Amino acid sequence: MDEKNIPIRTYQVCNVLEPSQNNWLRTDWIPRSGAQRVYVEVKFTLRDCNSLPGVTGTCKETFNLYYHESNEERESYIRESSFIKVDTVAADESFTQVDVGDRIMKLNTEVRDVRVTTRKGFYLAFQDVGACIALVSVRVFYKTCPLTIRNLATFPDTITGADTSSLVEIRGSCVNQSEEREEPKMYCGADGEWLVPIGGCLCNLGYQEKSGACQACPSGFYKARSSEAACSKCPPHSHSLRDGATACECHSGFFRADSDPPSMSCTQPPSAPQQLISAVNETSVVLEWAPPRRLGGRSDTTYSLECSQTRGLWELESNSVSQLCLPCGADVLFSPGQTGLKTTKVVVSELRAHTHYTFTVHARNGVSQAGGAGASQSAAVTVTTNQAAPSPVSSIQVTDVTRHSLSLAWQQPDRPNGVILEYEVKFYEKDQKERAYRIMRTFSRGADVAGLSPLTVYVFHVRARTAAGYGDFSAPFEFATNSGMAAGDHSRRRGAVRRSAVGNIVILDFYSKTKQESEEEKHLNPGVKIYVDPFTYEDPDQAIHEFAKEIDVSSIHIERVIGMGEFGEVCSGRLRVQGKREIYVAIKSLKAGYSDKQRRDFLSEASIMGQFDHPNIIRLEGVVTRCKPLMIITEYMENGSLDAFLRKHDGQFTVIQLVGMLRGIASGMKYLSDMSYVHRDLAARNILVNSNLVCKVSDFGLSRVLEDDPEAAYTTRIPIRWTAPEAIAYRKFTTASDVWSYGIVMWEVVSYGERPYWDMNNQDVIKAMEEGYRLPAPMDCPLVLHQLMLDCWERERAERPTFSQILNMLDKLIRNPGTLRRTGGDRYARSVLVPQVCVPEWSVCLWLQSVGLERYRDTLTAAGYTSLESLLTLTHHEMDRLGILTASHQDIITASLQQEMLSQMQHMQHTMVPV
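Printed below as a string of structure tokens:
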């Protein structure tokens with residue numbers, strides 16, 4: 060009877076009086092059904108041996124649980140030895156005879172788990188060794204993680220793993236009308252619980268998530284991006300008539316530009332510009348107008364001008380003049396421009412005098428083209444230009460030359476703007492530089508200038524005069540008198556003039572070349588120019604105004620946010636300074652609520668950048684400090700940071716292109732080191748790349764000048780993976796520590812943005828460096844480049860190359876690309892290199908160790924140099940080809956080889972036996 064006095068069926072045994080009991084009870088065959096671990100729940104009662112008199116030594120209070128795996132459903136006999144013991148089961152509660160009389164059932168429940176993985180099914184067996192026991196029930200089950208939906212991915216019913224600690228990885232499948240955002244995965248735990256959801260799905264365009272499913276957006280709503288969680292109501296002047304809309308259609312008369320996001324209201328083209336007025340000044344016209352009364356709900360209204368001129372055309376048949384309207388010529392100038400204007404004022408110049416012009420101003424916005432032909436609204440005005448001075452004479456020729464005279468001729472100005480009344484010629488000796496000049500006037504387009512000195516160069520200017528006055532003088536033209544020749548030698552005189560002209564061109568070309576070389580010399584040899592630390596200024600504003608140019612905030616047009624900096628947003632935009640062309644720039648802003656220290660630190664970077672002028676250093680355009688937010692304006696680098704750019708274009712560049720990038724970085728760092736400036740945070744993430752793949756050093760936030768005190772210490776946070784050991788241990792930052800960082804940058808470039816030291820933590824990196832481990836050559840890395848990296852990672856900073864030496868080495872590699880073909884083969888591994896040990900029999904290795912150049916072991920072995928005798932043929936040219944570029948290392952190898960071979964020869968002479 061159970062506790063409710065209901066009869067129940069049990070298996071029981073109570074042979075406690077007989078010794079050495081071995082009673083077995085076996086189940087039928089149980090199919091495994093894919094389970095790898097099953098659980099056995101046993102409910103039983105057990106008699107207390109102390110309540111049984113006279114059974115001391117034979118009564119037990121436990122039983123054993125066994126199992127046997129089998130593919131057969133009907134095994135008639137299974138030997139005891141074939142069963143595997145699971146556990147010995149004891150009771151938590153036992154009963155006595157008194158308990159039975161009072162009908163108090165003391166039921167025990169025990170659960171044991173069994174791993175079953177090799178057969179289709181299994182048997183369970185229970186062994187009694189002398190207990191008074193009754194089995195009330197045996198329940199056999201396995202666990203599953205139930206079917207579930209997480210992050211819009213369905214995960215099926217999944218059987219748990221074989222081990223109690225195992226996790227079964229399951230890939231989910233996206234629900235209907237959804238797509239993978241990131242591969243959906245979950246892990247089924249041994250207890251039947253789902254763990255660690257990763258990734259998931261997003262509802263398709265036009266669908267939104269509800270109750271774990273993707274449902275279509277109702278009419279009047281839309282969803283244009285899968286990343287958006289819910290459908291959005293159609294913006295103003297638009298509608299959607301069906302479910303599942305990805306965008307809303309514009310109402311009649313309203314439009315959306317191709318660049319407009321679906322969330323933007325539908326808009327209209329603008330109305331015509333208002334109050335168009337003109338002011339004529341000789342052959343220039345100033346046009347001004349007011350914005351349209353209706354902008355159509357947009358803020359991108361621009362203006363464009365059409366210009367036409369009216370000319371009279373004589374008609375023979377009617378004996379009259381008709382008016383012909385023609386477009387203005389290409390020589391008419393519009394300032395600031397003719398199309399895409401944001402301003403409402405334009406100056407039109409270089410017009411013809413006494414001419415009728417019609418100017419039409421069109422107002423357009425982003426939807427004008429979508430609105431059709433009638434979408435562009437315009438206003439027009441007609442003006443007549445006044446009389447004006449003539450344009451300058453474009454060229455002067457010499458027609459004859461003598462010892463004391465020159466004959467000149469010229470053409471009428473391109474724009475006479477009326478009848479030419481006379482010409483004025485101004486001339487002077489070139490050496491006088493206009494300190495003393497003479498003027499002569501003529502009514503023709505030529506002049507004979509007499510009274511000149513022989514063998515002298517003269518400078519001539521010519522200008523024309525009309526009723527409106529004199530025009531501007533022409534550009535200077537230089538001609539020389541000769542030494543006097545016989546009459547009739549006219550052709551030789553012409554030749555002398557031509558040779559003089561060619562001579563002038565040569566001089567000008569030489570001057571141009573000299574100027575270019577001096578500009579390059581300015582970058583390569585900055586001389587005594589030394590970097591000044593802005594933190595030495597008591598007033599940070601004094602430093603910023605000394606080294607950076609203040610920019611009017613109205614000249615800056617911010618277009619979009621491209622990232623977040625330490626102090627605030629980083630945006631891209633355009634900078635338009637008066638008199639210069641518009642350029643794209645990057646704009647760093649200081650977020651609101653800044654402290655005095657944050658303001659000082661923010662502006663200090665501009666004070667640092669403003670001192671540099673080099674093609675491989677990011678260029679500072681200026682700062683905004685007179686209004687908020689404070690801004691730093693730099694040139695815009697289209698391809699962003701070098702590490703991200705290389706990861707995006709993995710394997711897409713040639714070795715020469717990569718070396719070219721490294722050369723640019725080295726050139727910039729040489730410039731900084733020549734200025735006694737230490738960067739301290741050189742890494743690929745702080746190198747920016749423009750559209751021409753030019754690399755420029757940036758991010759001077761952690762930088763400091765190299766101080767005079769050699770014991771100076773720095774306490775700022777350190778990027779361990781890029782920092783030299785002495786800088787980590789003693790905060791000693793020098794140009795040599797920048798060279799170490801440059802070696803890491805080289806490794807980043809050749810490995811296409813791989814993380815240095817991979818997933819090692821900082822402490823492991825520091826320990827590895829202290830033990831002499833260095834990063835291995837990346838896949839397909841030329842041996843010469845990896846050797847240069849190892850040179851940069853010398854423990855002693857005095858043994859590292861300078862940036863000038865690095866630059867020379869890279870130039871040598873670029874000039875001899877054949878040296879870049881030898882690679883390290885399969886030496887690439889995701890671990891650091893263990894210091895190499897020499898085999899005692901290999902004399903070359905031991906010899907390299909003795910001279911401290913064992914780094915070249917693999918290089919020489921790969922090239923076939925395996926004995927000291929073979930090394931004697933090694934020339935300086937061959938060493939260059941193998942990547943042994945350091946001159947001192949070449950000298951050591953050459954001298955040591957000669958000394959080693961001399962020692963061996965002397966030893967052989969001492970040990971020779973006479974015949």
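Our numbering puts the first residue of the sequence shown at 60, with every later residue one more than the last. For each residue, glycine too, the CB sits at the ideal point set by N, CA and C. The structure displayed is predicted, hence computed values, not measured ones.
With DSSP collapsed to three states, give me the class of D473. coil
What's the gap between the Cα of R411 and the Cα of L335? 22 Å
Would the beta-carbon of S464 fall within 8 Å of that of D507? Cβ distance < 8 Å, so S464 and D507 count as in contact.
Any contact between the stretch 201–214 and the stretch 112–124? By contact I mean 3 or more CB pairs, one from each, below 8 Å. no
Could you tell me which residues DSSP puts in a beta bridge with W253? C247
Inter-residue spacing [alpha-carbon to alpha-carbon] between V452 and A534: 8 Å
Run through DSSP, which three-state label would R881 get? R881 falls in the coil class under three-state DSSP.
Apart from the five residues just before and just after D473, which ones in its own chain have a Cβ nearer than 7 Å to its Cβ? S450, S453
Three-state secondary structure (DSSP) at H673? DSSP places H673 in coil when its eight states are reduced to three.
DSSP state of E481 mapped onto helix, strand, coil: strand
What are the boundary residues of the alpha helix (DSSP H) that includes G719? 714–733
Answer with buried or exposed for L842, where buried requires no fewer than 16 other C-beta atoms within 10 angstroms of its C-beta. buried
For V407 versus S343, is the C-beta distance shorter than 8 Å? yes
Assigned exposure category for D598 - 16 Cβ within 10 Å defines buried: Its Cβ having fewer than 16 others within 10 Å, D598 is exposed.
Just list the residues that DSSP pairs L25 with in beta bridges. Only positions 60 to 974 of the chain appear in this structure, which leaves residue 25 out of reach.
Cβ neighbours of S225 in the same chain (closer than 7 Å, five flanking residues each side left out): So the qualifying residues of the chain are A249.
On the three-state DSSP scale, how would you describe I603? helix
Suppose you measure from the CA of G279 to the CA of L354; what does that come to, to the nearest Å? 26 Å
Can you name the start and end residues of the beta strand (DSSP E) that H520 belongs to? 516–525
Classify G113 as buried or exposed, calling it buried when 16 or more other Cβ atoms lie within 10 Å of its own Cβ. exposed
Check whether the Cβ atoms of I692 and L634 sit closer than 8 Å, and answer yes or no. yes
Take R357 as the anchor and find which of I67, P295, S394 has the nearest alpha-carbon. P295
Do you know offhand how far F200's Cα is from N745's? 60 Å
If you reduce the DSSP assignment to three classes, tell me which class R790 lands in. coil
One or two residues paired with D507 in a DSSP bridge: S466
Can you tell me whether R522 is buried or exposed, with buried defined as 16 or more other CB within 10 angstroms of its CB? buried
Cutoff 6 Å; reference P321; Cβ partners in own chain excluding five residues on either side: A283, A306
So, for I67: in the same chain, excluding its five sequence neighbours on each side, which residues have a beta-carbon less than 6 Å away from its beta-carbon? D61
Please classify V255: is it buried, with 16 or more other beta-carbons within 10 angstroms of its beta-carbon, or exposed? exposed
Among the residues of its own chain, which have a CB less than 7 Å from the CB of M828, if the five just before and after it don't count? P784
Kindly list the residues whose CB is nearer than 8 Å to the CB of H310, restricted to its own chain and excluding five residues on each side of it in sequence; keep chain order. H296, S297, H298, C325
Would you report the Cα separation of Q95 and N82, rounded to the nearest angstrom? 29 Å
Considering I873, what are the terminal residues of the alpha helix (DSSP H) in which it resides? 862–874
With distances taken from CA atoms, which of L480, V518, E853 is nearest R975? Outside the shown range of the chain (60 to 974) lies residue 975, about which nothing can therefore be said.
Hey, is Q397 close to the ligand GDP, as in C-beta under 7 Å from one of its heavy atoms? In the structure shown, the ligand GDP is absent, as is every other ligand, since no ligand is present at all.
Near R178, what residues of its chain come up, given a Cβ to Cβ distance below 6 Å and the 5 sequence neighbours on each side ignored? E128, S129, N130
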